[in-house]
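Novice:
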Amino acid sequence: MTKGTSSFGKRRNKTHTLCRRCGSKAYHLQKSTCGKCGYPAKRKRKYNWSAKAKRRNTTGTGRMRHLKIVYRRFRHGFREGTTPKPKRAAAVGSYFHLFLVSVPSG
9 MTKGTSSFGK RRNKTHTLCR RCGSKAYHLQ KSTCGKCGYP AKRKRKYNWS AKAKRRNTTG
69 TGRMRHLKIV YRRFRHGFRE GTTPKPKRAA AVGSYFHLFL VSVPSG
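With the numbering used here, letter number 48 in the sequence shown gets 56, and the count goes up by one each step, no holes.
In structure tokens form, the structure reads like this:
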């Protein structure tokens, strides 16, 4: 048997399938672990020797459904239970101020 073409013809069963956590085709069926995220381990697989891989999977590359709201609330000190001042009164006051400034006296 040669090591090339004829050996490749024997490969007809899949070793890796889709991972439930990261969605990549790196879940090893016999080892029952994902080569990309480390599932079923509780902690996600990441290494400092691969800076680009960390950049692809870090916070901010997804939707950040909760965190983007937290960032917005942080800017105002996590205030709760308050209502904004009515805009109508402020707008009317500024309009009259402009009117008084623009009218020439005398």
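We put the beta carbon where it would ideally sit given N, CA and C, even for glycine.
1) Could you tell me whether the Cβ atoms of K44 and R53 are closer together than 8 Å?
2) Among the residues of its own chain, which have a CB less than 8 Å from the CB of L37, if the five just before and after it don't count?
3) Tell me the DSSP bridge mates of G25?
4) Whose CA, out of S40, G17 and K18, lies closest to the CA of R28?
5) Over the uninterrupted alpha helix (DSSP H) stretch that includes N65, give me the two end residues.
6) Name the two residues that bound the continuous alpha helix (DSSP H) containing F16.
7) Ordered along the chain, which non-local residues of its own chain (more than five positions away) have a Cβ less than 6 Å from that of K76?
Specialist: Concretely, from the data shown:
1) For the purposes of this step, residue 44 is taken as residue 36 along the sequence shown, with counting starting at 1. For the purposes of this step, residue 53 is taken as residue 45 along the sequence shown, with counting starting at 1. Closer than 8 Å, so yes.
2) Along the sequence shown, read from residue 1 onward, the residue named residue 37 stands at position 29. Closer than 8 Å at the Cβ level, and outside the excluded window around L37, lie K22, T23, H24 and T25.
3) Along the sequence shown, one-based indexing puts residue 25 at 17. Checking the sequence, you will find Thr at residue 25 rather than Gly. DSSP lists Y35 as partners of T25.
4) Residue numbering aside, residue 28 sits at position 20 when the sequence shown is read from its first letter. Ranking S40, G17 and K18 by Cα distance to R28 puts S40 first.
5) The count along the sequence shown starts at 1 and reaches residue 65 at position 57. Looking at the DSSP string, the run of the alpha helix (DSSP H) that includes N65 is A59 to N65.
6) As a working mapping, residue 16 is identified with position 8 in the sequence shown. F16 -> alpha helix (DSSP H) spans T13 to F16.
7) For the purposes of this step, residue 76 is taken as the residue at position 68 of the sequence shown. Hits under 6 Å: none found.
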